[in-house]
Each structure stands twice: as structure tokens, then as C-alpha cells.
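Heads up, the thing below is written out as C-alpha cells.
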Amino acid sequence: MKCVTCRGPAIIDIRRHNSNFCAEHFIEQCHRQVRKAIEEFSMFEKSDKILVAVSGGKDSLAIWDLLLDLGYSVDGLYIGLGIGDYSDTSLDYARAYAKTRSLHLIEVDVPSTFGFDIPNGSRAAKRVPCSACGLSKRHLFDEEAIKGGYDVLVTGHNLDDEAAVLFGNTLHWHTEYLGRQLPVLPARDGFPRKVKPLVRLAERETAAYCIVKGIDYIVDECPMSAGNKHLGYKNALNEIEAGSPGAKHSFYFGFLDRAAEFFAAEASIDREGLGACASCGAPTTSETCAFCRLVERAGGQLPERTGVNAVSVDLGPTRSGSIQ
Amino acid sequence: MFGLSACDHVRVKVRLHNPRRDLEIEGPITIINLLARLDLNREAVLVVRDGELVPGDESLADDDAIEIRPVISGGEQ
Chain C
346 MKCVTCRGPA IIDIRRHNSN FCAEHFIEQC HRQVRKAIEE FSMFEKSDKI LVAVSGGKDS
406 LAIWDLLLDL GYSVDGLYIG LGIGDYSDTS LDYARAYAKT RSLHLIEVDV PSTFGFDIPN
466 GSRAAKRVPC SACGLSKRHL FDEEAIKGGY DVLVTGHNLD DEAAVLFGNT LHWHTEYLGR
526 QLPVLPARDG FPRKVKPLVR LAERETAAYC IVKGIDYIVD ECPMSAGNKH LGYKNALNEI
586 EAGSPGAKHS FYFGFLDRAA EFFAAEASID REGLGACASC GAPTTSETCA FCRLVERAGG
646 QLPERTGVNA VSVDLGPTRS GSIQ
Chain L
284 MFGLSACDHV RVKVRLHNPR RDLEIEGPIT IINLLARLDL NREAVLVVRD GELVPGDESL
344 ADDDAIEIRP VISGGEQ
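Chains as they are written, first to last, in my numbering: chain C, 346 to 669; chain L, 284 to 360.
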């Protein structure tokens with residue numbers, strides 16, 4: 346197997362590109378794909394203040410490293426979710442990466458700040474753990490990005506993540522979610538701008554990037570995620586990809602090019618009636634935001650209202666559900 | 284049982300994750316054939332030896348010790 350660029354020994358094949366790469370040219374390929382995503386979707390500029398959500402896993406550490414390589418100035422944000430040893434270990438990886446490179450890592454610990462952890466809190470609130478975890482992270486990402494005055498929040502969602510979510514949303518025709526499944530969500534009404542610069546890289550490539558660059562990350566899967574639907578969708582798509590290289594890319598980018606616009610109106614309807622959470626001030630379509638309801642049901646303490654991400658609109662009519 | 288041999292053939296030590304476990308496989312064998320025999324999708328794993336990636340066409344030989352590292356992760360978005 347030879348590198349398509351230099352004809353030296355290759356270390357990885359990327360079948361959807363019909364290409365093999367040596368270590369040096371694989372890193373160049375990753376840089377090229379991330380740069381292309383940033384430019385194609387006008388994600389951010391070098392002058393922007395950037396915050397990356399870091400979990401200690403391969404994707405978030407890879408995108409932090411890639412952005413630094415590409416000359417961006419980026420701080421990290423770690424959310425501790427109280428998932429036993431898994432959270433402790435993942436924090437160690439995030440801290441180690443930041444420390445060795447003298448980077449700023451913001452840490453928010455859910456158990457000590459809000460009085461609940463994901464395993465027990467999700468059980469008490471009668472929510473699926475991954476749902477409570479995702480809800481908590483999204484809320485705290487938004488809050489910290491706004492509080493810190495960041496221009497943009499970067500997440501490590503890769504091509505596999507986006508294709509799997511698209512698969513699930515299409516399978517169940519969640520049209521309101523399809524309308525906002527985009528690589529860039531503009532800042533709006535108390536929400537920070539959110540971008541996904543890894544959408545052109547598969548997760549096999551982000552893992553390979555970390556290995557080649559010597560970035561240590563947590564390899565074992567979160568113990569709460571076993572058997573969840575998202576992983577099932579990824580496995581199903583990888584079965585298709587194995588027989589049809591490029592299928593995931595075509596599925597996701599075909600959606601962006603030819604279908605996403607048809608669902609945009611549904612996404613905007615879901616954001617009508619946006620007001621400020623009576624408890625924490627975060628934007629919500631209900632009187633109290635979904636995170637504050639989770640905290641209360643999980644037996645935690647409701648956060649004090651800081652107003653850091655309060656929206657500038659009056660409280661709208663109470664609606665069921667939340668946009669978070 | 285698959286992968287375990289009573290003969291004195293070359294043995295390749297294989298570490299798997301989720302759950303973490305170790306196997307010994309009869310060699311020599313290429314990475315592509317190893318993954319096929321373990322019924323693992325090449326899109327979902329990487330093979331690592333001494334901290335470096337091992338390409339699919341490479342043959343594993345005497346006393347090789349490799350890690351088959353899963354790359355699929357994530358819960359609800």
C-alpha cells in the first residue's frame with residue numbers, strides 16, 4: 346500500500362477517497378478537509394474568539410489540535426458529568442492535552458455545581474442517560490460560550506455523527522430536527538454560534554489523526570451509551586459503507602446540497618415564542634428551560650439566575666418541548 | 284474455539300476493546316484477513332502496534348502484539 350502523494354509506505358487507506366496516505370500526508374489530508382469545511386461553510390475567522398467543547402475523546406481533542414495547527418486561537422471547555430471512573434479518566438485526558446500545550450481549559454463539574462450526576466439523575470428524572478447527558482452538555486456549552494464572550498462554539502461532530510443523526514431523523518421523519526441539522530448554526534437569541542469543522546472527516550480518521558499525532562484520548566466507550574440507537578445507526582451505516590465506500594458522505598452532503606432547505610421553515614417554527622427561562626435566564630420556548638427541569642427532577646439544585654445568556658425578548662407564551 | 288490453536292504455529296496477540304479482552308490468533312495473517320475472521324468492519328476499527336497504525340495489507344508475524352481499537356463512539360447528540 347503506497348501513499349498517493351509521495352509513493353512511500355502508507356499507514357492508512359481511506360476508501361471513500363480511493364486513497365492511501367503515509368503519516369505526513371495523512372495529517373495534511375486532515376488539515377485540508379478541516380480547512381475546506383471551515384471555508385465552505387464560512388464557520389469562523391482567525392480573529393474570532395473560539396471555544397471548543399472537549400470530552401477527552403478522539404474527536405474533540407483532534408479538532409482542538411487541528412485548529413491550533415491551522416493557526417486558530419482556541420480555548421477548551423470540559424463538562425464533568427459524574428459518570429464514575431469514565432468521567433475522571435476523560436477529564437485526565439482533556440487536562441493532559443491542555444497542560445502539555447499550555448492551553449486554557451474551562452471546567453464545569455455538574456455534580457458539584459448542580460447537585461446531580463448523569464447515572465442517578467437520569468434515573469430519577471426518568472430520562473435515557475444519553476438524553477440527559479446531551480441536554481446538560483448543550484445547555485452548559487451555550488452558557489459558557491456566552492458567558493466567556495466567545496464568537497463561536499466548536500464541537501467535534503464528525504461525518505459519522507452527522508450521517509447517523511440524519512439517518513435517525515429521516516427514519517422517524519423528525520422534520521423540525523432535519524431543518525437545523527447543519528454544520529453551522531448562527532448565533533441567535535441567547536444561543537452562541539455553533540460549528541462542526543470535522544464534518545468532512547470520518548471518525549476512523551479522527552482516531553487515526555490522534556494516533557499519528559501522539560494525542561492520548563479515552564478509548565473505551567462511555568458505559569452509559571451501550572445499546573443506544575445512535576450507535577446502532579452508526580453500525581448500520583458502516584455496513585453500507587463497507588460495500589459502498591462514500592455512502593455516508595453522499596448521504597450527508599447530498600442532504601445539505603439538495604434537501605436541508607426544504608426543512609428550514611419547520612426549524613424556524615420551533616423557535617417561535619422564544620423567551621427567557623424563569624430560573625436561569627437561558628433561552629427557551631417554555632417557562633422553565635429543559636435543563637432546569639432536568640435539574641429539579643434529578644434532585645439537584647437549580648442554578649441561580651445569572652442573566653449571562655438571557656435573551657433580550659419578553660417571555661413568550663408557554664409551549665411544550667424545548668429547542669435546546 | 285476460534286483463534287486458539289494447540290499447534291506450535293506463530294501466535295499473534297490481539298487486544299480488543301468494549302469489553303476489553305485478549306486473544307491469540309494463528310499467524311501469519313494480514314490485517315484485512317484478521318478483521319474478516321473476527322467479523323469486524325474495517326470502517327469501525329483501527330489496528331495499532333507499538334503506538335503506530337498498521338495498514339490493512341500488512342502481514343502479522345512472530346510475536347506481534349496488536350490492538351484493535353474501535354473508533355465508533357457517541358450517545359445522543
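All residues carry an ideal CB built from backbone N, CA and C; glycine is no exception.
Just so you know, these numbers come straight off a predicted model, no measurement behind them.
Under the rule that 16 or more other beta-carbon atoms within 10 Å means buried, what is residue i, buried or exposed?
i	result
A368 (chain C)	buried
S665 (chain C)	Since pLDDT at S665 (chain C) reaches only 29, below the 50 mark, its modelled position is unreliable, and no value is offered.
L343 (chain L)	buried
K593 (chain C)	buried
G572 (chain C)	exposed
A547 (chain C)	buried
H484 (chain C)	buried
V455 (chain C)	buried
N363 (chain C)	exposed
K403 (chain C)	buried
L549 (chain C)	Note that residue 549 (chain C) is Arg in the sequence shown here, rather than Leu. Buried, because 16 or more other Cβ atoms sit within 10 Å of the Cβ of R549 (chain C).
F459 (chain C)	buried
F607 (chain C)	exposed
R294 (chain L)	buried
S432 (chain C)	buried
What are the start and end residues of the alpha helix (DSSP H) that includes residue i?
i	result
S405 (chain C)	K403 to D414
K558 (chain C)	E548 to K558
P464 (chain C)	I463 to A469
E521 (chain C)	T520 to L523
L639 (chain C)	A635 to R642
E455 (chain C)	Note on identity: in this sequence residue 455 (chain C) is Val, with Glu being the wrong assignment. Segment V455 to F459, the alpha helix (DSSP H) holding V455 (chain C).
R440 (chain C)	G429 to T445
A315 (chain C)	The structure shown does not extend to residue 315 (chain C), since chain C is modelled only from 346 through 669, so no value can be given for it.
Inspect the beta-carbon positions of residue i and residue j and report whether they are closer than 9 angstroms.
i	j	result
A348 (chain L)	N583 (chain C)	no
V544 (chain C)	L412 (chain C)	no
V379 (chain C)	L422 (chain C)	no
F636 (chain C)	S481 (chain C)	yes
A612 (chain C)	G524 (chain C)	yes
L639 (chain C)	R468 (chain C)	no
Y562 (chain C)	C375 (chain C)	no
Y619 (chain C)	D534 (chain C)	Checking the displayed sequence, the identity of residue 619 (chain C) turns out to be Leu instead of Tyr. Cβ atoms of L619 (chain C) and D534 (chain C): closer than 9 angstroms.
G513 (chain C)	K574 (chain C)	yes
A627 (chain C)	R352 (chain L)	no
E309 (chain L)	K296 (chain L)	no
P464 (chain C)	I428 (chain C)	yes
P542 (chain C)	A382 (chain C)	yes
Along the chain, where does the beta strand (DSSP E) that runs through residue i open and close?
i	result
A365 (chain C)	Here the sequence assigns Asn to residue 365 (chain C), which means Ala is not the residue at that position. Segment S364 to F366, the beta strand (DSSP E) holding N365 (chain C).
G425 (chain C)	V419 to G425
L299 (chain L)	R294 to L299
D496 (chain C)	Taken as a continuous stretch (DSSP letters only), D496 (chain C) belongs to no beta strand (DSSP E), as it is neither H nor E.
I359 (chain C)	I357 to I359
M398 (chain C)	For the sequence presented, residue 398 (chain C) should be read as Ala rather than Met. From DSSP, the beta strand (DSSP E) with A398 (chain C) extends over I395 to A398.
R304 (chain L)	R304 to E309
Quickly, what does DSSP pair residue i with across the bridge? List them, please.
i	result
F536 (chain C)	C:R533
N573 (chain C)	Paired residues: none, contrary to the question.
L543 (chain C)	C:N503
A348 (chain L)	L:K296
E326 (chain L)	Partner(s): none; E326 (chain L) has no beta bridge.
Within 9 angstroms (strictly less), CB to CB, does residue i reach chain B?
i	result
E606 (chain C)	Absence of chain B from the displayed structure is noted, the protein chains being C and L.
*asked:* Three Cβ pairs or more, each shorter than 8 angstroms: is that satisfied between the region 434-450 of chain C and the region 586-605 of chain C?
replied: no
Report task. Decide yes or no for the touch test of the region 565-575 of chain C against the region 525-545 of chain C: beta carbon pairs closer than 8 angstroms, at least 3 of them. Result -> no
### Query
Do the region 328-342 of chain L and the region 349-356 of chain C meet, that is, are 3 or more Cβ pairs less than 8 angstroms apart?
yes
Flag this pair as touching only if the region 571-579 of chain C and the region 502-519 of chain C have three or more C-beta atom pairs under 8 angstroms; answer yes or no. Contact holds: three or more Cβ-Cβ distances are below 8 angstroms.
- Message: I want to know whether the region 405-422 of chain C touches the region 553-565 of chain C - three or more CB-CB distances under 8 angstroms.
- Response: yes
Any contact between the region 484-494 of chain C and the region 388-407 of chain C? By contact I mean 3 or more CB pairs, one from each, below 8 angstroms. yes
Margin query: Counting beta carbon pairs with one atom in the region 538-552 of chain C and one in the region 374-392 of chain C, are three or more of them shorter than 8 angstroms?
Written below: yes
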